[in-house]
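Asks: So that we are looking at the same thing, I have put the structure below in structure tokens.
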Amino acid sequence: MAALSDLLARAWVHVVVTCNDDFTDHVTGVRVLTRGQRFLPKRVRARLEAAKRAPLAVLCQETKNSRLRDLLPARFGVRQYLETDAMAGVAVVWDTEQAHALEGDGHAGHHVLVEPHGVAMEARGVTWQDVEVGKVGSGRIVRPAAAHRPPGRYDHLWPEFDRALREWADASPYPVLLGIDANTLLIHALADRTGFTCARFYKIDAVLGRGKGLRPVGKATPLPKGHSDHHPIRTLWRIGRTRPERTPAEHRAEVAP
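Counting from 481, one number per residue, gives the positions in the sequence shown under this note's numbering.
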């Protein structure tokens, strides 16, 4: 336990949690996860200051019935688009004491990956927010994101979703940390298809990573269930210097037809 405590005390190792919030019960578990008390063993908690116990990011699915900005302390930033239920269904939460959001065109957004094509399902997209970890100018920039793959009964939509997710991730000028309800146990196969090089998961929920300066530490840990039928998943990531050679705007100019 002391080893984990020492590891987390180092500035470059951070906790990232993915959470399927289960919209059917109209109760969110994200607020509990941001407090941090539930995702570390008791002996480790006692060794860490409050800021280190909080996750760097909570990456959420099935949040369409929760307006997270109204439910979370001001300390936490929220990227959740409320224009439609489909957009509100995925969200990114980050600890502003560990990272600050980058502003400007391209540093945040929601991108539709697959439409329902006539089935009883919301459109599925990805929501993201670029953050710089640590002090301003640290160069430790990462793109936390959240997505929710269609359920297995609509697996004919998976190829379109997977292709679109890979294209979106390929276009990112920063390393990506994606929290996803994958709706499959074959997480490594999904990671390969979508261009992610790191996968930490429990059953069908995962945090996928890709990009220089980003490395997982240890295994994923399922956390106690709250109101959801999914376990939140705790992962640890080393985030080093990740500043790209081009900005999002410069990247779009390069790939524009």
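We put the CB at the ideal spot given by N, CA and C, even for glycine.
Give the single residue among 713, 704, 609 and 677 whose Cα lies nearest to the Cα of residue 574.
Replies: Your numbering for residue 574 matches position 94 in the sequence shown. Cα-wise, what sits closest to residue 574 is 609.
Asks: Express the C-alpha separation of residue 611 and residue 494 in angstroms, rounding to a whole number.
Replies: If you number the sequence shown from 1, residue 494 lands on position 14. If you number the sequence shown from 1, residue 611 lands on position 131. Approximately 13 Å, taken between the alpha carbons.
Asks: Starting from residue 612, follow the beta strand (DSSP E) in both directions and report where the run begins and ends.
Replies: For this step, residue 612 is matched to residue 132 along the sequence shown. Taken as a continuous stretch (DSSP letters only), the beta strand (DSSP E) holding residue 612 covers 611-613.
Asks: Report the residue from 697, 587 and 539 whose alpha carbon sits nearest the alpha carbon of residue 658.
Replies: The residue labelled residue 658 in the question sits at position 178 within the sequence shown. Of the listed residues, the one whose Cα sits closest to residue 658 is 539.
Asks: May I have the straight-line CA-CA distance separating residue 590 from residue 712, to the nearest angstrom?
Replies: Here residue 590 refers to the residue found at position 110 when the sequence shown is read from its first residue. Here residue 712 refers to the residue found at position 232 when the sequence shown is read from its first residue. Straight-line Cα distance between these residues: approximately 22 Å.
Asks: Using a threshold of 7 Å, state whether the C-beta atoms of residue 631 and residue 663 are closer than that.
Replies: Along the sequence shown, one-based indexing puts residue 631 at 151. Along the sequence shown, one-based indexing puts residue 663 at 183. Cβ atoms of residue 631 and residue 663: closer than 7 Å.
Asks: Is the CB-CB distance between residue 566 and residue 627 below 7 Å?
Replies: If you number the sequence shown from 1, residue 566 lands on position 86. If you number the sequence shown from 1, residue 627 lands on position 147. No.
Asks: Which runs of the beta strand (DSSP E), 3 residues or longer, sit entirely within the segment 561-588?
Replies: Fully enclosed beta strand (DSSP E) runs of 3 or longer: 570-575 and 579-581.
Asks: At what residues does the beta strand (DSSP E) containing residue 658 begin and finish?
Replies: In the sequence shown, counting from the first residue as 1, residue 658 sits at position 178. Residue 658 -> beta strand (DSSP E) spans 656-661.
Asks: Secondary structure at residue 717, three-state DSSP: helix, strand or coil?
Replies: Taking the sequence shown and counting its residues from 1, one reaches residue 717 at position 237. Of the three classes helix, strand and coil, the one that applies to residue 717 here is strand, per DSSP.
Asks: Beta carbon of residue 644, beta carbon of residue 593: below 7 Å?
Replies: Residue 644 sits at position 164 when you count from the first residue of the sequence shown. Residue 593 sits at position 113 when you count from the first residue of the sequence shown. Cβ atoms of residue 644 and residue 593: closer than 7 Å.
Asks: Can you name, in chain order, every residue of its own chain whose Cβ lies under 7 Å from the Cβ of residue 530, other than the five neighbours on each side?
Replies: Indexing the sequence shown from 1 puts residue 530 at position 50. A caution first: residue 530 carries a pLDDT of 44, below 50, which makes its placement in the model too unreliable to give a value.
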